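J.: What follows is a structure written as structure tokens; I'll ask about it next.
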Amino acid sequence: MVGIVRRADWALPESAATPEHVFVDRRALLAGFGGMIAGAAFGGAVPAARAQAGDQTLDLYPAKRNAAYTIDRPLTPADVAGRYNNFYEFGSHKQIAGAARSLKTRPWTVRIDGLVEREREIGIDELIRAMSLEERLYRHRCVEAWSMTVPWSGFPLARLIDFAAPLSSARYLRLETFLDPDAASGQRQIWYPWPYVEGLTMAEARNELAFIVTGVYGKPLENQFGAPLRLALPWKYGFKSIKSIVRMSFVDERPVSFWEQIAPSEYGFWANVNPQVPHPRWSQAQERVLHTGETVPTLLFNGYAEQVAGLYAGLDGEKLYT
Ligand SMILES: Nc1nc2c(c(=O)[nH]1)N[C@H]1C(S)=C(S)[C@@H](COP(=O)(O)O)O[C@H]1N2
Ligand SMILES: [Mo]
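Counting with numbering that gives the first Met the number 0, you get residues 0 to 321 for the letters of the sequence shown.
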């Protein structure tokens with residue numbers, strides 16, 4: 000275990016192998032490049048969507064925007080957000096979009112198990128078609144102190160929970176990513192605790208902001224974003240927003256997530272955004288906005304305190320912001 004922790008330490012998101020200035024330079028490069036080729040607006044700038052053969056949901060896009068979830072920040076251009084991704088299954092750097100194309104997302108099933116009335120497995124197209132899609136503009140704040148604003152398409156996680164019909168004894172929702180080292184070269188790096196796992200309390204999972212994402216920029220997700228199904232939890236650090244989900248389990252014990260297993264003092268269970276609580280190795284007071292490169296103050300709960308602060312009343316003993 001000590002060995003694992005040591006190996007993983009240099010592989011952490013903001014590791015010594017990728018120092019701050021390298022990050023910044025790369026992003027500036029990307030931003031300039033994207034700007035020149037594509038212009039700022041995302042309308043005409045979306046690269047041709049790489050639809051997966053067999054995807055039975057194409058007619059559902061673009062989904063109607065839900066006006067309750069818009070923001071006073073410009074959207075990150077599609078090609079910038081789509082070429083700067085964290086998806087360790089395909090490598091511990093940001094340029095994984097090409098490698099992620101080797102993931103087949105059809106057929107794809109999601110297993111629902113644990114404390115439910117009836118365990119089952121459902122096909123992705125059937126699942127998506129059973130929910131009605133909407134578009135929401137959300138902020139995304141990575142624990143590495145960069146941020147973006149994206150138009151996700153999807154549906155509230157609460158609706159999927161209703162569909163799954165958990166027992167009242169369920170206290171946490173545990174989510175799991177696919178395991179396929181043949182398609183995902185990062186999963187051949189055996190010192191990581193694959194598959195990627197994340198968890199939430201049931202109250203968090205049912206919060207109106209917890210959103211299951213199936214598309215972005217008006218199209219089905221390209222693989223690098225976590226196709227065919229990922230989570231968006233905009234008030235928490237980005238690592239909680241697990242990608243390419245294959246399993247949701249209702250459990251009574253708090254799940255230990257991927258990054259928590261690797262470095263519990265740096266990446267905890269709660270991971271709520273708070274500018275006043277620094278990461279052990281860097282400040283969280285500010286964030287660098289993708290594409291513009293601007294530095295802006297980070298907001299408590301990433302600007303979503305009104306919707307989520309109540310979830311944490313009475314939990315003062317917990318490390319809510321790590
Ligand atoms: N399965 C899986 N999910 C994941 C990750 C990952 O490496 N694997 N990275 C997380 C992190 S750290 C962030 S910031 C977001 C990045 O999402 P994006 O690439 O769509 O910006 O995905 C999260 N979900
Ligand atoms: Mo992240």
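Just so it is clear, CB atoms sit at the ideal spot from N, CA and C, and this is done for glycine as well. Note that this is a predicted model, so its numbers are computed, not measured.
If you measure from the CB of Tyr-375, is any heavy atom of ligand 2 nearer than 7 Å?
T.: Within the shown structure, residues of the chain are numbered from 0 to 321, placing residue 375 beyond reach of any answer.
J.: Does Ala-40 pass the burial test, meaning 16 or more other C-beta atoms within 10 Å, or should it be called exposed?
T.: Its pLDDT being 36, under 50, Ala-40 is placed unreliably by the model, and the measurement read from it follows with that caveat. Exposed.
J.: Taking the C-alpha atoms as reference points, what is the distance between Ser-167 and Glu-203?
T.: 15 Å
J.: Suppose you measure from the CA of Asn-206 to the CA of Leu-289; what does that come to, to the nearest Å?
T.: Cα to Cα, the separation comes out at about 27 Å.
J.: What residue from Arg-64, Leu-102, Trp-145, Asp-58 has the CA that sits closest to Gly-225's CA?
T.: Leu-102
J.: Name the DSSP bridge partner or partners of Trp-151?
T.: Arg-135, Val-215
J.: Spatial neighbours of Arg-117 within its chain, please: C-beta separation below 8 Å, excluding the five flanking residues on both sides.
T.: Ala-164
J.: Could you spell out where the beta strand (DSSP E) holding Ile-244 opens and where it closes?
T.: Note, Ile-244: beta strand (DSSP E), 244-250.
J.: Report, in whole angstroms, the separation of the C-beta atoms of Val-276 and Glu-286, which I expect to be a contact under 8 Å.
T.: Rounded, the Cβ-Cβ distance is 14 Å, inconsistent with contact.
J.: Taking C-alpha atoms, which residue in Glu-221, Pro-150, Pro-263, Gln-306 lies nearest to Lys-318?
T.: Pro-263
J.: Compute the minimum distance between the beta carbon of Gly-81 and the heavy atoms of ligand 2, and state whether it is under 7 Å.
T.: No; taking the cut-off as 7 Å, the Cβ of Gly-81 has no heavy atom of ligand 2 nearer than that.
J.: What span of residues does the alpha helix (DSSP H) with Ile-95 cover, start to end?
T.: Element bounds for Ile-95: n/a, residue is neither H nor E.
J.: Roughly how many angstroms lie between the CA atoms of Ala-67 and Ser-184, to the nearest whole one?
T.: 39 Å
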